[in-house]
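Peer 1: Read in order, the letters of the sequence shown correspond to residues -19 to -1, 1 to 501 in mature numbering (1 follows the signal peptide of the UniProt record, and there is no 0). Handing you this structure, nothing more for now.
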Amino acid sequence: MWSPLILVTGSLLAPVTSAAVTGLVVESRGQQILGDATENNNFECNLPPALSPSSDGLPSAQDIFSGEDALLKQVERHSTIVKIPSISYDDNGDPGEDPRWDVFYELHKAFAYLYPHVIGLVYTIQGSDPSLKPLLLAAHQDVVPVADAATWKYPPFSAHFDGRWLWGRGSSDDKNSLTALFSALETLLGNSEWVPKRTIVLALGFDEESSGRRGAGTIGPFLEERYGKYGIALLLDEGGMGLELLGNDTLYALPAVTEKGHIDIWLELHVNGGHSSIPFPHTGIGIVSDIVNQLESNPWEPKLVQGSPIHNHLVCQAKYSPDASPKITDLINSGDLKTLTQELVSIDRPTQYRIQTSQSADYFQGGVKINAMPEYIKLGVNHRVAPHNSIQEAKANFVKQIQPFVKKFSLTVKAFEGEDHNPEGLGLLLDEGDVVPMYDVDYNGTLILSSSQVTLNAPVSPTSGPVWDLFSGTIQHSFAFDGGRVVPVGELMTGNTDTRHYLSKYRPGRTPFHLAYKHI
Ligand SMILES: [Zn+2]
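This is the structure in structure tokens:
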């Protein structure tokens, strides 16, 4: 996930809470799969008490990270790493072979210089009580490429600080987490008497923006080997909708407690070619274009699930900020989820796709010559799977949508052969039935469907119970302001983060334990 530029002051001045967490302190409370969630059906958004760590004997974060000097120090730290273009490209080779990774050594040199107490990619600060499972704090070092630096107000790696905002690629995704985590640890480790009770592990991937396979994908198994399955108490990673102030007196903290699933579906059409002077009524490009049009004409159904994070968020909003959106408040209070769903879909796309599976035809390749009908066409469709849908449904829907064209053009289909997470009855879905080609044309076409980047919908971390209360209470304390109220409530992440590599190592299906709070 990325966004072009961002805020410094708020997040950097409260380093610990400005990152994200995942974990399993409380083994009796499990994550929920939406649709099964009944526990929160009567969610009332009662807040646990704010928690002040004033009895821990350490200097207060408020003192350390407040004031002009503290701000400038954080600007120096943050701008130093934002200036380093640690880009991960989708087609990067392995580190050591592809020189494009070399820039990360510059980043590590900067860490060593900025934070002499903390160096490396997996940092472990041993706790004094070995019976407590570790806390895992995650962030990623890489950023997405810059398409056109000329369109930026300030150069993307300049880290220009205008007194309020620090501008630069990665300044809010996710180098803010790096700066926040390191700053907190640097301060704590600077106190020679400080030893955490619970072991703290920092896991810093370097290719989150292009799947996370090499970074977090390697760190996950390493940590599992070291701590065993389900051996982490809490994981805090980036992600979430940040902070939202409503009515000047209520500040919502919206860490993601779940992530949408992900699947890229690829369609390859091999079809007869020929000379363009005597073309078929449809070339392969025409056939695949029909399929794209069919998909776009049939978007996924939005659904607001009772007890889901977004529903709970709106319950909190209706309770503490009823005038912020009177229509939503009325619909929440009346329990009219259908109308509320339509209302949410009409607000904007970010809101819509928190309750709807997205599909986006992003890749199209076909044709090599202006006077030859193409023989090979490739289409790629990106899907982000909403909590009430599944990977299997995404595949089944794709097969369903291509059916009219399979029949019309008498195509042979090979769908998702040898893959996991296929829908039940895939063979039946592929039943081509009576083939009635519209012309006496033998396209001799074969459609091959395959998928990549499959990530199952993340389970929902609990937003009640002792772990949540600790997290929520700490946020309420850290972001407290005069005359106002801080309301932490879980939300949903429409993209995926490195968390998926840690969850896949630790997730025991639907049995108790994870907590995947994402950054604020
Ligand atoms: Zn990110």
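Backbone N, C-alpha and C fix where the C-beta goes; we use that ideal spot for every residue, glycine too.
#1: In the DSSP assignment, what residue or residues form a beta bridge with I244?
#2: Just how far apart, CA to CA, sit G171 and E57?
#3: Verify the contact flag: T478, CB atom, against every heavy atom of ligand 1, threshold strictly below 7 Å.
#4: Note down, in chain order, each residue of its chain lying with its Cβ closer than 7 Å to the Cβ of K156, except the 5 sequence neighbours on either side.
#5: In this structure, does DSSP put F460 in helix, strand or coil?
#6: Taking only runs of the alpha helix (DSSP H) that begin and end inside the region 127 to 205, which ones reach a length of at least 4 residues, in chain order?
#7: For A18, which residues in the same chain have their Cβ closer than 6 Å to its Cβ, ignoring the five residues on either side in sequence?
#8: Quick check on DSSP: helix, strand or coil for R466?
#9: Please report the Cβ distance between E87 and T480, rounded to the nearest whole angstrom; I am assuming they are in contact, meaning their Cβ atoms lie under 8 Å.
#10: Answer yes or no: the CB of D71 versus the heavy atoms of ligand 1, is any distance below 7 Å?
#11: Taking the alpha-carbon positions, what's the F138 to L147 distance?
#12: Count the CB pairs spanning the region 287 to 307 and the region 463 to 483 that are closer than 8 Å, and state whether there are at least three.
#13: I'd like the span of the beta strand (DSSP E) that includes I429, first residue to last.
#14: Is it the case that the Cβ atoms of W281 and N370 are separated by a distance below 8 Å?
#15: Leaving out five residues on either side along the sequence, give the residues of the same chain with a beta carbon under 8 Å from the beta carbon of E25.
#16: Whole angstroms are fine: how far does the CA of G399 sit from the CA of P262?
#17: What do you get for R488, buried or exposed, if any count of 16 or more other CB atoms within 10 angstroms of its CB means buried?
#18: For residue 510, list the residues DSSP reports as bridge partners.
#19: I'd like to know if V380 contacts chain D, where contact means its C-beta is closer than 8 Å to some C-beta of that chain.
#20: Taking the alpha carbon of L118 as the point to measure from, which residue in D154, D218, S191, S36 has its own alpha carbon closest?
#21: If you measure between the beta carbons of S432 and F397, is that distance less than 8 Å?
#22: Please list, in chain order, all residues of the same chain as P29 whose beta carbon is under 7 Å from its beta carbon, the five residues on each side excluded.
#23: Could you work out which residue in V176, V380, E249, N363 is closest to G406 when comparing CA atoms only?
#24: With hydrogens ignored, establish whether the beta-carbon of D188 is closer than 7 Å to any heavy atom of ligand 1.
#25: Identify every residue that forms a DSSP beta bridge with F345.
#26: Can you list, in chain order, the stretches of the beta strand (DSSP E) that have 3 or more residues and sit fully within the region 387 to 415?
#27: First and last residue of the alpha helix (DSSP H) that includes V296?
#28: In the DSSP assignment, what residue or residues form a beta bridge with residue 539?
#29: Would you check whether ligand 1 has a heavy atom nearer than 7 Å to the C-beta of H121?
#30: Taking only the alpha-carbon atoms, compute the straight-line gap between H89 and S339 and give it to the nearest angstrom.
#31: Between which two residues does the beta strand (DSSP E) carrying T105 extend?
#32: Go through its chain and collect everything with a Cβ distance to Y104's Cβ below 6 Å, but skip five positions before and after it.
#33: Using CA coordinates, which residue listed in D230, G316, S191 is at the minimum distance from N23?
Peer 2: Reading off the structure:
#1: Along the sequence shown, one-based indexing puts residue 244 at 263. Paired residues: H364.
#2: Residue mapping note: residue 171 aligns to position 190 of the sequence shown, counting from 1. Residue mapping note: residue 57 aligns to position 76 of the sequence shown, counting from 1. Per the coordinates, the alpha-carbon of G171 lies some 18 Å from the alpha-carbon of E57.
#3: By one-based count along the sequence shown, residue 478 stands at place 497. For T478, the shortest separation between its Cβ and any heavy atom of ligand 1 lies below 7 Å.
#4: Residue mapping note: residue 156 aligns to position 175 of the sequence shown, counting from 1. Annotation for K156: H59, I62, V63 place their beta carbon closer than 7 Å to its own, counting only its chain and skipping 5 residues before and after.
#5: Residue 460 sits at position 479 when you count from the first residue of the sequence shown. In the structure shown, F460 sits in coil (DSSP, three-state: anything other than H, G, I, E or B).
#6: 156 to 170, all fully within the region 127 to 205.
#7: Taking the first residue of the sequence shown as 1, we reach residue 18 at position 37. With a pLDDT of 44 at A18, under the threshold of 50, the modelled position of that residue is not reliable, and no figure is offered here.
#8: The residue given as residue 466 occupies position 485 in the sequence shown. R466 falls in the strand class under three-state DSSP.
#9: As a working note, residue 87 is residue 106 in the sequence shown. As a working note, residue 480 is residue 499 in the sequence shown. Wrong, their Cβ atoms sit about 26 Å apart, outside the cutoff.
#10: Residue numbering aside, residue 71 sits at position 90 when the sequence shown is read from its first letter. Ligand 1 has no heavy atom closer than 7 Å to the beta-carbon of D71.
#11: The residue given as residue 138 occupies position 157 in the sequence shown. The residue given as residue 147 occupies position 166 in the sequence shown. Each residue's alpha carbon lies about 11 Å from the other.
#12: Three or more beta-carbon pairs drawn from the region 287 to 307 and the region 463 to 483 are found closer than 8 Å, and the two stretches are therefore classed as touching.
#13: As a working note, residue 429 is residue 448 in the sequence shown. Element bounds for I429: 427 to 436.
#14: By one-based count along the sequence shown, residue 281 stands at place 300. By one-based count along the sequence shown, residue 370 stands at place 389. In contact: W281 and N370 (Cβ atoms closer than 8 Å).
#15: The count along the sequence shown starts at 1 and reaches residue 25 at position 44. So the qualifying residues of the chain are V296, K300.
#16: If you number the sequence shown from 1, residue 262 lands on position 281. If you number the sequence shown from 1, residue 399 lands on position 418. Approximately 34 Å between the Cα atoms of the pair.
#17: As a position in the sequence shown, residue 488 is number 507, starting the count at 1. Here R488 scores only 40 on pLDDT, less than 50, and its place in the model should not be relied on; the value that follows carries that caveat. Buried.
#18: This structure cannot settle anything about residue 510, because the visible part of the chain is limited to -19 through 501.
#19: Of the protein chains in this structure there is only one, and it is not chain D.
#20: The sequence position of residue 118 within the sequence shown is 137, counting from 1. The candidate whose alpha carbon is nearest that of L118 is D218.
#21: Mapped onto the sequence shown, residue 432 falls at position 451. Mapped onto the sequence shown, residue 397 falls at position 416. In terms of Cβ geometry, S432 and F397 form a close pair [threshold 8 Å].
#22: Working through the sequence shown from its first residue, we reach residue 29 at position 48. These residues qualify, in order along the chain: D450, S453, G454.
#23: Position 425 of the sequence shown, counting from 1, holds the residue named residue 406. Nearest C-alpha to G406: V380.
#24: Position 207 of the sequence shown, counting from 1, holds the residue named residue 188. Checking the Cβ of D188 against ligand 1 gives no.
#25: Numbered from 1 along the sequence shown, position 364 holds the residue referred to as residue 345. L360.
#26: Entirely contained in the region 387 to 415, the beta strand (DSSP E) runs reaching 3 residues are, in chain order, 393 to 396.
#27: By 1-based counting over the sequence shown, the position of residue 296 is 315. Run containing V296: 290 to 301, per the alpha helix (DSSP H) assignment.
#28: Nothing about residue 539 can be read from this structure; the chain reaches only from -19 to 501.
#29: For the purposes of this step, residue 121 is taken as residue 140 along the sequence shown, with counting starting at 1. At least one heavy atom of ligand 1 is nearer than 7 Å to the Cβ of H121, so yes.
#30: By 1-based counting over the sequence shown, the position of residue 89 is 108. By 1-based counting over the sequence shown, the position of residue 339 is 358. Taking the Cα positions, H89 is about 37 Å away from S339.
#31: Within the sequence shown, numbered from 1, the residue matching residue 105 stands at position 124. Run containing T105: 103 to 106, per the beta strand (DSSP E) assignment.
#32: Taking the first residue of the sequence shown as 1, we reach residue 104 at position 123. Cβ neighbours of Y104 beyond the five flanking positions: L183.
#33: For the purposes of this step, residue 23 is taken as residue 42 along the sequence shown, with counting starting at 1. With distances taken between Cα atoms, N23 lies closest to G316.
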